[in-house]
């Protein structure tokens, strides 16, 4: 007798809504099984037929870390295209390759950790390459396009599930896991939250990843905004995945909680659903979850909420409905979605559209038949960054120009210094010949964590001999240099400590291919930056010393070698030779994405490294027709006045060189636009940790200086005229239209940009703010009518007096043009709105963080769970209070406070060890001084202090803070 077929459980029934299927599956999972779902690497539940799962697949500009894939331009280059349709197609290609790669390698994930929507507030941020723009509107537009491409168009199933990075206000690598960004409410709502908010509301986002840093004194991994803001923007279940190691940081580096059980519980309750910690080992996180349950810090309902959100994503990815998944790929069909001709063409198109022409005095496009000298450290390079895949195809500027103009008309000088390193014994460092097989490039095999990839030890270490090996030395700035052998491999140090010529390019989480030459007596010590150790010549080869002489002076210590640097050719001499014989020189300068500005390391200056400035000067001196081509992950401050032409492009992926050659030759008219301000000097920059874009007058929105190149800037080989601006206000929106005409001789793209400015603001508002843009293609003589429909909410600002958005009535300028400073047309519209109203302080009091202006203060956490307080910055000496007070001091200003018919008393809610709160009205004297009699037990133990204060009507309120007090709230009575 045949056993009856068991009924299909509801969670396997594709006819049911996902929510009901998730409910059914949740009811079948044990508590232990559900706890296992909280780690990044989720084990299989074999009794239910549930497969293992992992969150996280890097895919910032192509599938990363998992071996060969199509490599598109860096994210900042995608932002420079200002082209949402193009970026959507890039997202589609990346997600198709992710599906195809997963069919061949089950380690490839479909929960992609991309895009990065952190705003490029500060150009020295090491991860500038990962973001799209300094502007929240442009960032959200590009991010929305990319996530839509990643998600796919099916109404039910998703091709991949994108996770936005990194929540929230994250722009510094320096002390990134312990520093706190002080973000006032207006900056929070108008700037940092905005890029996330508009992208999430577009409906193609599966989740977010919190950042390593703290915001207002509270780690982002326990941010109350995850539930109060993020999850209020959509009805979809959003999966919050922690950044790597961040859960442990809550205790280990941030010391925010005493135990890991407390930290894990707090993060889970705040909204973190998946814990990325301890690599593939889930046991520690699971143990912490169980410990938190046992201690009553968590409930099973807290765990259920997190697991439910993960399962929601897995159902959307079609995991439980393989026969209904429209994006399903098998090993047999994978080739149709991987490295296709369409993807290669798209990589080239994207690289072309990302090129920004910064300046052109008529040198470009290059004249047919011109003799071109291509020089610079990046002239024959196609560099990858930390979040790149492995190249299948490779194109450098030199190769691209060879192909376009012919090798006989193109000359080349890299500009490296050719050197030999002479030992104290009179011998020279020598690179032994390598075996015939070069081995695989790092990353070819793919790795879930490429930080764990080890250097090669199968090649012979360096030795010394009488003649030595001539090495190519490149100084990338700050004294950080690379040394390359004649076979093209970089000197590197593997785990055994020996120096070998073994790396195809600098890379890795800890770069092992960089060194410093440190003056020592009549020579130099060679310090390996990855280990921090000096190079030592031993009998069995050249290696790094096992210890540091500054801490080990024992006789057994391996003494560092003192080298004489013998220069056989300076880079500028080689550049001068080829430049003098050419009609035009193309200097290719910029950065190596793994050196001096990357994840974990901020830049220290906007200037080009001195080595590259030397090369640029040599080229210009030999040939005035010099074109500077910057290939970089971030802006530079260069002397553009002396250059006849300059371009910028981000590291452009596999087609970068071909794209650049086509733009230089005029086959393509450049139309990329700068996604962030290029400042003229380091002195124009705020402190890296100053996140107050309003008070610090940062980004194009508020910067009042003269930039080197403004936000939105980019030139063309064509010219365009703008005319016939029409603007009208209707119910709920502003309609704007105008005509753009190509008045040039070539077909070209133009990026039209619409900005607005409040003409009579009652609070500081942006000098101009991007509201809309469009990239259009026009043939010579062609014209197009461009129209935008803007909701009135686009003109609103966050009113701290009433803790909500408000549209202020009055005149607004509409500015149309080719950049934020190149305004061609303007009109003024008058909008209705809600007039400003004074703060009802008599009824509501004041939240301390809701100030209009401040000096010498920072916002901190009121409690570990929620709320803000304000405290003086340590060591500050603001103008507040009476003369002669010692210690830190700051001042807060609250405008237009309405005391009604009158108050007779004031209360302040404070915590801390010592200090005073001083109350004044308008510009008058201090009327009340409040100070605790004794320190509170801890920073979150608040007391209420009271004093007499007489006031009526509307006044500006000034509060002086001294000492270490935290001020959370001010109330009034009487």
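In the working numbering, the protein residues as written are 5 to 978. Backbone N, C-alpha and C fix where the C-beta goes; we use that ideal spot for every residue, glycine too.
Of the choices the options, whose alpha-carbon is the least far from that of residue i?
i           : options               : result
residue 846 : 852, 866, 901 and 836 : 901
residue 414 : 875, 734, 586 and 822 : 586
residue 737 : 82, 918, 11 and 834   : 834
residue 908 : 956, 861, 763 and 791 : 956
residue 827 : 756, 25 and 838       : 756
residue 840 : 817, 829, 809 and 858 : 809
residue 373 : 412, 863, 43 and 631  : 412
residue 438 : 466, 423, 419 and 619 : 466
residue 791 : 436, 702, 799 and 778 : 778
residue 775 : 212, 759 and 869      : 759
residue 227 : 432, 269 and 741      : 269
residue 278 : 42, 694, 969 and 79   : 42
residue 220 : 950, 693, 398 and 863 : 863
residue 628 : 966, 365 and 27       : 365
residue 534 : 526, 525, 543 and 514 : 514
residue 371 : 713, 48 and 588       : 588
residue 87  : 401, 149 and 818      : 149
residue 21  : 159, 262, 48 and 126  : 159
Could you spell out where the alpha helix (DSSP H) holding residue i opens and where it closes?
i           : result
residue 581 : 575-584
residue 549 : First-last for residue 549: undefined, no H or E at that position.
residue 268 : 264-274
residue 256 : 250-256
residue 712 : Premise fails: residue 712 is in no alpha helix (DSSP H) and is neither H nor E.
residue 758 : It is not in any alpha helix (DSSP H) - residue 758 instead sits in the beta strand (DSSP E) that spans 752-762.
residue 203 : 197-205
residue 351 : 345-357
residue 599 : Per DSSP, residue 599 belongs to no alpha helix (DSSP H) and is neither H nor E.
residue 733 : Segment 724-734 is the beta strand (DSSP E) holding residue 733; no alpha helix (DSSP H) there.
By Cβ distance, which residues of its chain are closer than 6 Å to residue i, with the 5 residues on each side in sequence left out?
i           : result
residue 607 : 128 and 601
residue 164 : 99, 102, 114, 116 and 154
residue 960 : 899 and 926
residue 550 : 562
residue 302 : 269 and 296
residue 812 : 837
For the beta strand (DSSP E) containing residue i, list its first residue and its last residue.
i           : result
residue 746 : 737-746
residue 119 : 116-120
residue 364 : 360-364
residue 858 : 857-859
Quick one: grab the DSSP three-state call for residue i.
i           : result
residue 909 : strand
residue 30  : helix
residue 80  : helix
residue 311 : helix
residue 113 : coil
residue 246 : coil
residue 146 : helix
residue 470 : coil
residue 923 : strand
residue 90  : helix
residue 887 : Per-residue confidence for residue 887 stands at a pLDDT of 29, beneath the threshold of 50, marking its modelled position as unreliable; no derived number is given.
Using a Cβ-Cβ cutoff of less than 8 Å, which residues in the same chain neighbour residue i once the five nearest sequence positions on both sides are dropped?
i           : result
residue 216 : 170, 174, 180, 181, 224, 247, 250 and 253
residue 851 : 807, 872, 972 and 973
residue 161 : 320, 321, 322, 325, 328, 329, 330 and 331
residue 468 : 427, 429, 431, 432, 433, 434, 541 and 546
residue 953 : 907, 908, 909, 910, 923, 931, 932 and 976
If you measure between the beta carbons of residue i and residue j, is that distance less than 8 Å?
i           : j           : result
residue 138 : residue 715 : yes
residue 718 : residue 76  : no
residue 143 : residue 172 : no
residue 147 : residue 167 : no
residue 177 : residue 131 : yes
residue 647 : residue 575 : no
residue 537 : residue 498 : no
residue 96  : residue 391 : no
Whose C-beta lies closer than 7 Å to the C-beta of residue i among residues of the same chain, with five residues either side of it excluded?
i           : result
residue 39  : 290, 293, 294 and 307
residue 477 : 420, 421, 423, 485 and 487
Verify the CB distance criterion: does residue i have a CB-CB separation below 8 Å to chain C?
i           : result
residue 862 : Among the chains of the structure shown, chain C does not appear; only one protein chain is present.
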